[in-house]
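If you count by this note's numbering, then the sequence shown holds residues 1482 to 1787, one letter each, in order.
For reference, the structure is listed below as structure tokens.
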Amino acid sequence: MAETFLRRGLKLSHLRLLALLTHDEGLGAAAATLGIAQPAASRLLSEAERITGYSLRTRDGRGIRLTPEGRALAQRARRVLNELSDAERELGEIGGGLTGDLRVGAVTGAAMERVLPALRSARLEMPGLRVHVEIANSEVLGEALAEGRIDLALARLPRDHPPELFDLRPVGEEPVALVVRRGHRLLAEVPPAPEALMEHDWVLPEAGTILHDTVIDQLARRGLRAPARCVTTSSVLLTLALVQRSNAIAPLARAVASEFAAGACAVLPLDLGLSVAPYGLMTRKGAAPTMALRRFSALLTRDLPG
């Protein structure tokens, strides 16, 4: 089939246009990204339909949208383009002695426990490698990985994407601690009564994130209501700042909490059994890893069996 498409004239220009349309961009926006006029983009779509023998688009009130056949081909097109991008980088790594760029994503606990030590080792073992790190929740990282914007993620399988898009090697748990400022009155009680937690403001991730839902679920299991006074943010930096400057309580990955417990924050001596689902080293299914990706993945998982 692939050879038939190629013999019929399927080109990278067709694939690039289709890949852009997977983001639900309008045809005009996709054409602008490619630096061509909209009529030229429409002709490319018509050519792709003629070459493949399938209707790849349909019209609705907002313009065009991909048919199921069009979306399937567009997803494959995005994978082909990602592979070509990876090949370009790998050739540069081989020729330049592991120089270039590697894009890594991680949830907060994994960033402290795994990524930080790996960066230190990579600085010595691969000094020419530039590593770009994105810290976010698993949903954001899963989307970035599926679209080829990052090369690997220490995260959980995202709920909004089919699991068959990814390869996942289990890495570890991400236990959670409750953090307050130093001198907080709850620290005078060992352990503090769980009911006393509800007397204070909280700083939580946004509703629907795994940490937010885990905290609310564990409080409910102990007969406690959700915090009445709460600030929601995805920023660990803002969370720490709010905790340090108020009497608020915040759940943080224990690896993050431990890193800052020697400073202006302290971990509450109370075990609510907070632990989010295990995370793993996640890559795109079927993608051939570059040399730098293999080396950095080994640094991230060097203490794991097998």
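Where a beta carbon is used, it is the ideal one built from N, C-alpha and C, also for glycine.
None of these values were measured; they are calculated from a predicted model.
Asked, Found
"Three-state secondary structure (DSSP) at residue 1604?", "helix"
"Looking at the secondary structure, which residues open and close the alpha helix (DSSP H) in which residue 1739 lies?", "1735 to 1741"
"So, are the CB atoms of residue 1604 and residue 1580 less than 9 Å apart?", "no"
"Which residues bound the beta strand (DSSP E) around residue 1756?", "1756 to 1765"
"Please determine, among 1665, 1646, 1729, 1538, the residue with the shortest C-alpha to C-alpha distance to residue 1508.", "1538"
"With 16 as the cutoff for other CB atoms within 10 Å, does residue 1773 come out buried or exposed?", "buried"
"In the structure shown, what three-state DSSP assignment does residue 1482 receive?", "Note that residue 1482 scores a pLDDT of 49, beneath 50, so its modelled location is shaky; the value from the coordinates is reported in the next line. In the structure shown, residue 1482 sits in coil (DSSP, three-state: anything other than H, G, I, E or B)."
"Going by CA-CA distance only, name the one from 1654, 1723, 1732 that's closest to residue 1699.", "1732"
"Would residue 1712 pass as a contact of residue 1683 if the rule is Cβ separation under 9 Å?", "yes"
"Apply the 10 Å Cβ neighbour rule to residue 1536 and answer buried if 16 or more other Cβ atoms are within range, or exposed otherwise.", "exposed"
"Between residue 1751 and the rest of its own chain, which residues show a CB-CB distance below 6 Å, the 5 nearest in sequence each way excluded?", "1672, 1673"
"Let me make sure I understand the geometry here. Which of 1517, 1649, 1486 has the alpha-carbon closest to that of residue 1528?", "1486"
"Determine the direct distance from the alpha carbon of residue 1670 to that of residue 1723, and round the result to whole angstroms.", "22 Å"
"DSSP three-state call for residue 1672: helix, strand or coil?", "coil"
"Given 8 Å as the limit, is there contact between the region 1754 to 1762 and the region 1629 to 1649, that is, 3 or more CB pairs closer than that?", "yes"
"Look at the Cβ atom of residue 1647, then the Cβ atom of residue 1623, and state whether they are nearer than 9 Å.", "yes"
"In three-state terms, what does DSSP make of residue 1643?", "coil"
"Taking Cβ to Cβ, would you say residue 1695 is nearer than 9 Å to residue 1756?", "yes"
"Between residue 1558 and residue 1498, what straight-line distance do the alpha-carbon atoms span, to the nearest angstrom?", "9 Å"
"Applying the criterion that 16 or more other CB atoms from any shown protein chain within 10 Å of the CB defines a buried residue, is residue 1586 buried or exposed?", "buried"
"Return the bridge partner residues of residue 1611 from the DSSP annotation.", "1582"
"Would you list, in sequence order, the uninterrupted alpha helix (DSSP H) runs of no fewer than 4 residues that lie entirely inside the region 1504 to 1534?", "1508 to 1515, 1519 to 1533"
"Over the uninterrupted beta strand (DSSP E) stretch that includes residue 1682, give me the two end residues.", "Residue 1682 -> no beta strand (DSSP E), and no H or E assigned at all."
"Is the beta carbon of residue 1781 less than 9 Å from the beta carbon of residue 1596?", "yes"
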